[in-house]
Amino acid sequence: MSYIKAGTDASGNDIKLFYQDLGGPTTRQTVVLIHGWPLSHEMWDYQLTELPAHDLRVVAYDRRGFGKSSQTWDGYDYDTLADDLKAVLDTLDLQNVTLVGFSMGGGEVARYMSRHGGARVGKVAFISSVTPYLLKTDDNPDGVDQSVFDEIIENLQKDRADFLQTFSKQFYGVNLISKPVSQAHLDGDFARAYVASHKATLDTANAFATTDFRNDLTQIHVPTLIIHGDADKTVPIESSGELTANALPNAQYIVYDGAPHGLFMTEKDRLNSDLLAFILEGVSVQEPVGTTTLY
Numbered sequence: 436m437s438y439i440k441a442g443t444d445a446s447g448n449d450i451k452l453f454y455q456d457l458g459g460p461t462t463r464q465t466v467v468l469i470h471g472w473p474l475s476h477e478m479w480d481y482q483l484t485e486l487p488a489h490d491l492r493v494v495a496y497d498r499r500g501f502g503k504s505s506q507t508w509d510g511y512d513y514d515t516l517a518d519d520l521k522a523v524l525d526t527l528d529l530q531n532v533t534l535v536g537f538s539m540g541g542g543e544v545a546r547y548m549s550r551h552g553g554a555r556v557g558k559v560a561f562i563s564s565v566t567p568y569l570l571k572t573d574d575n576p577d578g579v580d581q582s583v584f585d586e587i588i589e590n591l592q593k594d595r596a597d598f599l600q601t602f603s604k605q606f607y608g609v610n611l612i613s614k615p616v617s618q619a620h621l622d623g624d625f626a627r628a629y630v631a632s633h634k635a636t637l638d639t640a641n642a643f644a645t646t647d648f649r650n651d652l653t654q655i656h657v658p659t660l661i662i663h664g665d666a667d668k669t670v671p672i673e674s675s676g677e678l679t680a681n682a683l684p685n686a687q688y689i690v691y692d693g694a695p696h697g698l699f700m701t702e703k704d705r706l707n708s709d710l711l712a713f714i715l716e717g718v719s720v721q722e723p724v725g726t727t728t729l730y
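Read in the working numbering, the sequence shown has 586 at position 151, and its numbers run on one by one without any break.
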């Protein structure tokens, strides 16, 4: 298995980030996929089978505390997580990268761009992202009430397994009359989420709920794509996608009508098509190999 070292913990042990690297240095463009909470890089299953078929090098890694990466005790603030992303880009010597951040991962994209000056990055994409600032405050009246996040933390501490199974249904818009994903997929997500560190799950929930990315977004000066579902009950579009688009008026903003939070699965063909169009814009195109039908 492939790992990248991202510093050491308080005991001097190496912090290792697991990653997949599909494609090679001769491909046209490089894409780095940053997963959402509380999953792992495996959530990108349908993107990892499609994007590399279009002559793209695609790297996806597990955030510290999740998937196969080191389960550190601390380091779940966005400054540290942005430094972990830098370790990925630097270690693999990636250039002119398109960063794609889903949900919590959008915060890592924003913080990396400001904290590290957008080094090695040519484009960015925010998918169902938590940017610019989720928490409702006096100067952020369109945010989400603190009580919502308090309930998440309370339920995680009470019974993490039960919370994760209930949360997953909202994540994809599953209810009595709508079943956009199978029970098998929900079971797979539970398995992916439950292997994460409990501490990491709690700390990162607090991080994405309370971190203000409004200043970070002002430091983004590369082509940007924003995609959000208008039926997202996990990260409401009014508190996130719309405000991110307002902060980045030159960005391409696409709203998926009726789409829930987990649109990387429920709208996978359309998302793949939109990502490819954005990533490959201005790049010479050749016939992809082994592609599937896109939206």
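Even glycine gets a Cβ: it sits at the ideal position worked out from N, Cα and C.
Given the structure is predicted, the values throughout are model-derived calculations rather than measurements.
Bounds of the beta strand (DSSP E) holding Asp456 are Asp449 to Leu457. The DSSP assignment places complete alpha helix (DSSP H) segments of no fewer than 4 residues inside the segment 489 to 526 at 513 to 526, in order along the chain. As DSSP reads the structure, His470 sits in no beta bridge. Per DSSP, Leu534 lies in no alpha helix (DSSP H) segment; the continuous beta strand (DSSP E) that holds it begins and ends at Val532 to Phe537. Between Gly540 and His470, the C-beta gap is smaller than 7 Å, which places the two residues in contact. Excluding the 5 residues flanking it on each side, Lys668 has same chain C-beta neighbours closer than 6 Å at Gln605, in chain order. As the crow flies, the alpha-carbon of Arg546 is around 21 Å from that of Ser504. The C-beta distance from Tyr496 to Leu452 rounds to 5 Å, short enough to fall under 8 Å. For Thr636, there is no enclosing beta strand (DSSP E); the enclosing alpha helix (DSSP H) covers residues His633 to Thr645. Taking all protein chains in view, the Cβ of Asn681 is surrounded by fewer than 16 other Cβ atoms within 10 Å, so the residue is classified as exposed. Take Asp647, set aside five residues on each side of it, and the residues of its chain with a beta-carbon closer than 6 Å to its own are Tyr568, in chain order. When DSSP states are grouped into helix, strand and coil, Thr484 belongs to the coil group. The closest CA to that of Val630, considering only Asp580, Leu683 and Trp472, is found on Trp472. Judged by pairs of C-beta atoms under 8 Å, the segment 549 to 566 touches the segment 649 to 669, as three or more such pairs exist. Short of 7 Å from the beta carbon of Ala517, and not among the five residues preceding or following it, lie these beta carbons of its own chain, in chain order: Glu543, Arg546, Tyr547, Arg550 and His551. With respect to Val559, Leu534 sits close: the two C-beta atoms are nearer than 7 Å.
Taking a contact as a CB-CB distance under 8 Å, the pair Leu524 and Val532 counts as one, their CB atoms being some 6 Å apart. Straight-line measurement puts the Cα of Phe643 at about 20 Å from the Cα of Leu683.
The criterion of a C-beta distance shorter than 7 Å is not satisfied by Asp580 and Lys593. With a 10 Å radius around the Cβ and a threshold of 16 neighbouring Cβ atoms, Thr701 comes out buried. Asn685 counts as exposed, since fewer than 16 other C-beta atoms from the protein chains shown sit within 10 angstroms of its C-beta. Taking His476 as reference, the option from Asp449, Gly536, Gln687 and Val670 with the minimal CA-CA separation is Gly536. Residue environment: Pro576 is assigned as exposed (fewer than 16 neighbouring CB atoms within 10 Å of its CB, all protein chains considered).
Taking every protein chain shown into account, the CB of Gly447 has fewer than 16 other CB atoms within 10 angstroms, so this residue is exposed. DSSP places His476 in the helix class (H, G or I) of the three-state scheme. Ile562 sits close to Ile662, with the two beta carbons spaced by under 7 Å.
Apart from the 5 residues on each side of it in sequence, Val718 sits with its Cβ closer than 8 Å to the Cβ of Arg463 and Gln464 in its chain, given in chain order. For Glu485, the number of other beta carbons within 10 angstroms of its own is at least 16, and it is reported as buried.
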